[in-house]
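In the numbering used here, the protein residues as written are 149 to 388.
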Amino acid sequence: MRVAVVSDLHANIVALDAVLDAIGSVDAVWHLGDVVGYGPEPDAVVERLAAIGAVGVAGNHDLAALGGNEIDWFNPDAKAAMSWTRGRIGAPTRAWLAGLPTTRREQDMTLVHGSPRDPVWEYITSVPVARANLAALDTTIGLHGHTHLPMAWADQDGRIDAISPGPGSTFQLDGRRVLLNPGSVGQPRDGDPAASWIEIDTDARIATWRRVAYDIGAVQAAMRDCGLPTRLVDRLAVGL
Ligand code: ZN
149 MRVAVVSDLH ANIVALDAVL DAIGSVDAVW HLGDVVGYGP EPDAVVERLA AIGAVGVAGN
209 HDLAALGGNE IDWFNPDAKA AMSWTRGRIG APTRAWLAGL PTTRREQDMT LVHGSPRDPV
269 WEYITSVPVA RANLAALDTT IGLHGHTHLP MAWADQDGRI DAISPGPGST FQLDGRRVLL
329 NPGSVGQPRD GDPAASWIEI DTDARIATWR RVAYDIGAVQ AAMRDCGLPT RLVDRLAVGL
């Protein structure tokens with residue numbers, strides 16, 4: 149089975165469509181939350197994911213869009229974009245977002261937005277935090293997003309390896325406990341503005357990180373039309 153794992157789409161339909169084009173046909177699409185927030189087309193992104201039967205989990209932006217007090221923790225730009233998102237999304241988007249769990253299991257993999265022990269909010273950005281979350285995993289493999297950075301945190305006989313994968317990098321799912329982060333489709337932050345995701349071949353047990361360029365200018369123009377914060381518009385071009 150070939151699975152595409154996408155995260156942090158952030159209402160960027162142009163990036164999502166570029167990713168789906170690049171993927172071609174897969175057996176499943178799993179998403180790791182933050183489907184909406186920051187970007188200009190939340191309804192279109194939800195509609196697309198629903199149409200292809202993607203399954204996944206809620207992120208902090210998705211819960212905030214539904215009216216949750218997650219918004220209290222947002223910085224001013226994120227808060228402004230979230231206020232806009234709340235006013236923009238339609239009933240079908242609300243219903244679809246409200247149906248998302250915060251943790252989901254697929255095969256021997258746990259899907260979360262933040263971390264296995266704190267699925268909505270915790271950022272896995274250090275070895276101690278990765279170690280604690282590898283210990284908290286009920287499955288061998290954890291899939292998470294939230295940081296917008298492609299990463300793997302692998303338990304190698306008690307030592308935690310932090311791996312920053314480039315495009316085309318692979319990770320053999322050989323029984324080691326591991327946390328895999330696909331990076332972000334809609335707002336990458338690793339210095340590469342191209343949309344990022346992971347493909348998993350569950351038979352060959354291989355995860356591969358992928359990137360694809362998309363029409364960033366078109367998204368920036370749509371964001372300006374919506375009056376979204378300039379800093380959020382600008383950062384798409386540099387991937388930070
Ligand atoms: Zn996010």
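Heads up, the beta-carbon is just placed ideally off N, CA and C, and yes, glycines get one too.
Within the stretch 161-234, complete beta strand (DSSP E) segments of at least 3 residues are found at 176-179, given in chain order.
Distance check between R324 and each of A300, W345, P249, R337 places A300 closest, using alpha-carbon atoms only.
For W244, the closest C-alpha among the options V268, D225, D182 is that of D182. Residue environment analysis places R307 among the exposed positions, since fewer than 16 neighbouring C-beta atoms fall within 10 angstroms of its C-beta. Residue pairing by DSSP places R325 in no beta bridge whatsoever. Taking 7 angstroms as the cut-off, one finds no heavy atom of ligand 1 near enough to the beta carbon of G187. Taking 8 angstroms as the cut-off, the Cβ atoms of T273 and T251 do not count as close. In this structure the stretch 186-196 does not lie against the stretch 351-359, because fewer than three pairs of beta carbons, one per stretch, are closer than 8 angstroms. With the rule of 3 Cβ pairs closer than 8 angstroms, the stretch 324-336 counts as touching the stretch 151-170.
A distance of 8 angstroms or more separates the beta carbons of L380 and G339.
If you draw a straight line from the Cα of D382 to the Cα of V184, it is about 18 angstroms long. With fewer than 16 other beta carbons inside 10 angstroms of its own, A366 counts as exposed.
Using a 10 angstroms sphere on the CB of S344, the tally of other CB atoms reaches 16 or more, which defines it as buried. Per the coordinates, the alpha-carbon of V177 lies some 31 angstroms from the alpha-carbon of G375. Going down the chain, each residue whose beta-carbon is closer than 5 angstroms to a heavy atom of ligand 1 shows up: D156, D182.
Taking a 10 Å sphere around the C-beta of T241, we find 16 or more other C-beta atoms and assign the residue as buried. In the DSSP assignment, S263 forms no beta bridge with any residue. Check the Cα spacing between E254 and each of L164, A370, H179: the tightest is with H179. Measuring C-alpha to C-alpha distances from A284 to each of P249, T258, P298, Q304 identifies T258 as the nearest.
A residue is called buried once 16 or more other Cβ atoms fall within 10 Å of its Cβ, and Q320, having fewer, is exposed.
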